[in-house]
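One gets the numbering used here by counting positions in the sequence shown from 1 and adding 28 to each.
From the three backbone atoms N, C-alpha and C, an ideal C-beta is built for every residue, glycine too.
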Amino acid sequence: MAAGADASQLPHIVTVGRYRIGRVLQKISLLWSEQARFTHVAASFDEAVAQVQALNQRQPIDALVGAGASGAWVRERVDIPVSMVEVRGLDLLQALRQAKLQVSPEAPNVGLVSFEAPSPIVAQFDQLFGLGLVQMAYQGPQDAAACIQKLQAAGVGAVVAPGLISDLAEQAGMPSVLLYSEKSVHQALGDALLLARHKQVERDRHRRLETVIGQLQDGVVAVDEQGRIQALNARMALLLGAELQALHGRLLDEVAPVLRVAQVLQGDEGGEEVVQLAMRTLVLRRAPIWENGRLTGALLVCRDPAVIQSADRSLRANRSQRGAGVRWRLEDYVGESPATQRVRQLARQYAATEATVLILGESGTGKELLAQGMHSASRRAGQPFLAVNCAALSESLLESELFGYDEGAFTGARRGGKTGLIEAAHTGTLFLDEIGDMPLALQSRLLRVLQEREVLRVGSTTPVPVDVRVMAATHADLAAQVEKGLFRRDLYYRLAVLRLQTSPLRERGAADVALLARRRLASRPGLKDETPLASTPHAALDLLLQAMLAHAADYGWPGNVRELDNWVERLLACQPHLCDAQGQPDAARLAEVFVECAAPIAAAATVSKTRLKDSSREAERQRVLQVLQSVGGNQTRACEILGISRATLWRRMKAAVE
Numbered sequence: 029m030a031a032g033a034d035a036s037q038l039p040h041i042v043t044v045g046r047y048r049i050g051r052v053l054q055k056i057s058l059l060w061s062e063q064a065r066f067t068h069v070a071a072s073f074d075e076a077v078a079q080v081q082a083l084n085q086r087q088p089i090d091a092l093v094g095a096g097a098s099g100a101w102v103r104e105r106v107d108i109p110v111s112m113v114e115v116r117g118l119d120l121l122q123a124l125r126q127a128k129l130q131v132s133p134e135a136p137n138v139g140l141v142s143f144e145a146p147s148p149i150v151a152q153f154d155q156l157f158g159l160g161l162v163q164m165a166y167q168g169p170q171d172a173a174a175c176i177q178k179l180q181a182a183g184v185g186a187v188v189a190p191g192l193i194s195d196l197a198e199q200a201g202m203p204s205v206l207l208y209s210e211k212s213v214h215q216a217l218g219d220a221l222l223l224a225r226h227k228q229v230e231r232d233r234h235r236r237l238e239t240v241i242g243q244l245q246d247g248v249v250a251v252d253e254q255g256r257i258q259a260l261n262a263r264m265a266l267l268l269g270a271e272l273q274a275l276h277g278r279l280l281d282e283v284a285p286v287l288r289v290a291q292v293l294q295g296d297e298g299g300e301e302v303v304q305l306a307m308r309t310l311v312l313r314r315a316p317i318w319e320n321g322r323l324t325g326a327l328l329v330c331r332d333p334a335v336i337q338s339a340d341r342s343l344r345a346n347r348s349q350r351g352a353g354v355r356w357r358l359e360d361y362v363g364e365s366p367a368t369q370r371v372r373q374l375a376r377q378y379a380a381t382e383a384t385v386l387i388l389g390e391s392g393t394g395k396e397l398l399a400q401g402m403h404s405a406s407r408r409a410g411q412p413f414l415a416v417n418c419a420a421l422s423e424s425l426l427e428s429e430l431f432g433y434d435e436g437a438f439t440g441a442r443r444g445g446k447t448g449l450i451e452a453a454h455t456g457t458l459f460l461d462e463i464g465d466m467p468l469a470l471q472s473r474l475l476r477v478l479q480e481r482e483v484l485r486v487g488s489t490t491p492v493p494v495d496v497r498v499m500a501a502t503h504a505d506l507a508a509q510v511e512k513g514l515f516r517r518d519l520y521y522r523l524a525v526l527r528l529q530t531s532p533l534r535e536r537g538a539a540d541v542a543l544l545a546r547r548r549l550a551s552r553p554g555l556k557d558e559t560p561l562a563s564t565p566h567a568a569l570d571l572l573l574q575a576m577l578a579h580a581a582d583y584g585w586p587g588n589v590r591e592l593d594n595w596v597e598r599l600l601a602c603q604p605h606l607c608d609a610q611g612q613p614d615a616a617r618l619a620e621v622f623v624e625c626a627a628p629i630a631a632a633a634t635v636s637k638t639r640l641k642d643s644s645r646e647a648e649r650q651r652v653l654q655v656l657q658s659v660g661g662n663q664t665r666a667c668e669i670l671g672i673s674r675a676t677l678w679r680r681m682k683a684a685v686e
């Protein structure tokens, strides 16, 4: 065996033989020990069969080597390739000559014993050369002794015979020559090695097949051309209601008649059908197996319909994420004011890069529209665009949504774990809306994603590399939050590589407001965006819109585009009541609607700003107290964590006490 080779990987060959042939097999097999692993069974006939079968259960046998009647007996009773030691013409002549030299005048004949019928060719040879041959045949150990007696009675002085007869002749005082030469044994061992290597290749291929199908969630079974089970996975064994090993070699139609494999074994391509197996409804698919143009078996796959439905939902969801989830282009950020044009220009420039973008602006100023537009104009346009509102989810839920989790990470975790949005956005864009409301604990984890470009699932120890572009948006003043210790400074600078500041409607001018209002009005059912409103049957709506916008000339639009959308909807709903009998806008009614709509919104905006201010102060106070408590009152350490001076800390401590 070559240095470093693994003996367990060599073919396993078993030699079978008792008496003299057994000893010869053992001796010569030592010369082949570097090419195969040899085991010798010193038995014959039924005893040899039993020992071979037991050995094959412990360590699979690739080939057998046998001789004579015992070898033929074993070959007929085991399903293992057998190489027989053959009697060759020249070897036989040499053996007969050697035996002839050992006869005596009292017993001048030579006996030739085989397990087959006497050879007529040998009989003709004997008549030509006058060797005095006596041919006999025996069937097994039961008639071996009688064979020796017949030889003695026939005046045989030396015998050429297989191992058993040869040994019995020696015991009876009769010289003997083994029927099989060492050259024949060498040839048989060489043939066995070829058979073993072929069997080993087949077994390795079978193991690879079972390894592959064992990884599948579907039930899979392969049968041969007779319909006998050749390979199957644990899932299929469970469906068939038996141990996996016990099913090998059985007829599938007997184990599960409902699977009906006979038709596909005739070359029918099969197809899919719904069957009931093991009290379960399954989708069954059959397919013939062709090798070198010959039908050699069939493959059956049983799938749970729930798995198919789940895969269909995932595919549809993935298509939605990649395509339908991106609705906006940069051209949809309409407006002709200098501020609007500047934002569009910057967005187009940013779309051509891979850097992180931070979009700042009030609610309703089109931050997500710009993010989608930059994604659509980038090289990642064909990849996923995933968005998450950091203010809409609790800390634990936001963590699992963003980073995902492994199976068993926490109570109630989904079986198999869950892919987070960061992983799902691989090769695409992740949009983090309201990033200013992200909890501090998650900010540090997001920072690592931006720095290392890898994500660690909850409950996992193995980070996953990701290629994702991050865009973030917020209505809050992140720089101010950093100074207050409410947002990590290092994360802020990682996010604000490219900054895009949107403008509120009140700063974009009346022309942009009118253009946006008309665009939204034209997008309603029955109106085409590319058709001028004045030329449609809805021209009265345009007149109403002009009149309403005139009333709102100095309005602050605290809700920006969202509020404008509400105005357009109200205009459509109230249209019949806003015109006089001649179809002209009624100024008094328009003013009334404007007051009804604007007053509550303005009041709500005022309340919202007050609440936001109070909430910010409370969060700031809680943060200071939390940090001081964590460092045991060490003000120097607290200043380092909060990133502020001692004077600022003192002011905040004072505010926290008041």
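Nearest candidate by alpha-carbon position, reference residue i, set the options
{"i": "residue 549", "options": "512, 528, 514 and 595", "result": "595"}
{"i": "residue 510", "options": "577, 43 and 676", "result": "676"}
{"i": "residue 379", "options": "499, 115 and 208", "result": "499"}
{"i": "residue 207", "options": "290, 457 and 143", "result": "143"}
{"i": "residue 185", "options": "223, 169, 134 and 152", "result": "134"}
{"i": "residue 390", "options": "86, 587, 287 and 526", "result": "587"}
{"i": "residue 86", "options": "97, 355, 67 and 104", "result": "67"}
{"i": "residue 544", "options": "332, 577 and 681", "result": "577"}
{"i": "residue 450", "options": "419, 484, 79 and 423", "result": "484"}
{"i": "residue 370", "options": "272, 527, 599 and 400", "result": "527"}
{"i": "residue 127", "options": "202, 75 and 110", "result": "202"}
{"i": "residue 327", "options": "585, 673, 654 and 280", "result": "280"}
{"i": "residue 114", "options": "49, 75, 80 and 83", "result": "49"}
{"i": "residue 455", "options": "467, 470, 469 and 482", "result": "482"}
Where residue i falls: helix, strand or coil (DSSP)
{"i": "residue 137", "result": "strand"}
{"i": "residue 320", "result": "coil"}
{"i": "residue 421", "result": "coil"}
{"i": "residue 387", "result": "strand"}
{"i": "residue 94", "result": "strand"}
{"i": "residue 520", "result": "helix"}
{"i": "residue 495", "result": "coil"}
{"i": "residue 515", "result": "coil"}
{"i": "residue 160", "result": "coil"}
{"i": "residue 462", "result": "coil"}
Close beta carbons around residue i, own chain, < 8 Å, minus the five adjacent residues each side
{"i": "residue 252", "result": "258, 324 and 325"}
{"i": "residue 475", "result": "516, 518, 519 and 522"}
{"i": "residue 193", "result": "141, 166, 172, 175, 176, 187 and 204"}
{"i": "residue 557", "result": "Low per-residue confidence applies at residue 557: pLDDT is 43, beneath 50, and the placement is therefore not dependable enough to give any value."}
{"i": "residue 631", "result": "Reliability fails at residue 631, whose pLDDT of 49 lies under 50, so the model's placement of it is uncertain and the value that follows must be treated cautiously. Same-chain partners within the cutoff: there are none."}
{"i": "residue 494", "result": "450, 451, 453, 454, 477, 481, 482 and 483"}
Nonlocal neighbours in the same chain, by C-beta distance under 7 Å from residue i, ignoring five residues either side
{"i": "residue 473", "result": "431"}
{"i": "residue 506", "result": "464, 515 and 520"}
{"i": "residue 415", "result": "396, 459 and 461"}
{"i": "residue 708", "result": "Residue 708 is absent from the model: the chain starts at 29 and stops at 686."}
Straight-line gap, residue i to residue j (C-alpha atoms, nearest Å)
{"i": "residue 679", "j": "residue 461", "result": "32 Å"}
{"i": "residue 372", "j": "residue 591", "result": "22 Å"}
{"i": "residue 245", "j": "residue 329", "result": "10 Å"}
{"i": "residue 293", "j": "residue 313", "result": "13 Å"}
{"i": "residue 597", "j": "residue 361", "result": "20 Å"}
{"i": "residue 668", "j": "residue 656", "result": "11 Å"}
{"i": "residue 508", "j": "residue 446", "result": "36 Å"}
{"i": "residue 61", "j": "residue 39", "result": "10 Å"}
{"i": "residue 216", "j": "residue 94", "result": "8 Å"}
{"i": "residue 56", "j": "residue 315", "result": "48 Å"}
{"i": "residue 130", "j": "residue 146", "result": "22 Å"}
{"i": "residue 382", "j": "residue 354", "result": "18 Å"}
{"i": "residue 209", "j": "residue 237", "result": "42 Å"}
{"i": "residue 278", "j": "residue 256", "result": "5 Å"}
{"i": "residue 687", "j": "residue 448", "result": "What is shown of the chain runs 29 to 686, which leaves residue 687 out entirely."}
{"i": "residue 467", "j": "residue 284", "result": "57 Å"}
{"i": "residue 52", "j": "residue 63", "result": "18 Å"}
Anticipated Cβ contact below 8 Å, residue i with residue j, distance rounded
{"i": "residue 163", "j": "residue 140", "result": "5 Å"}
{"i": "residue 90", "j": "residue 228", "result": "5 Å"}
{"i": "residue 364", "j": "residue 539", "result": "6 Å"}
{"i": "residue 530", "j": "residue 393", "result": "4 Å"}
CB contact check: residue i to chain C, cutoff 8 Å
{"i": "residue 97", "result": "Looking at the structure shown, chain C is missing, and only one protein chain is on hand."}
Same chain only: Cβ atoms within 6 Å of residue i, ignoring 5 sequence neighbours per side
{"i": "residue 406", "result": "379"}
{"i": "residue 72", "result": "46 and 98"}
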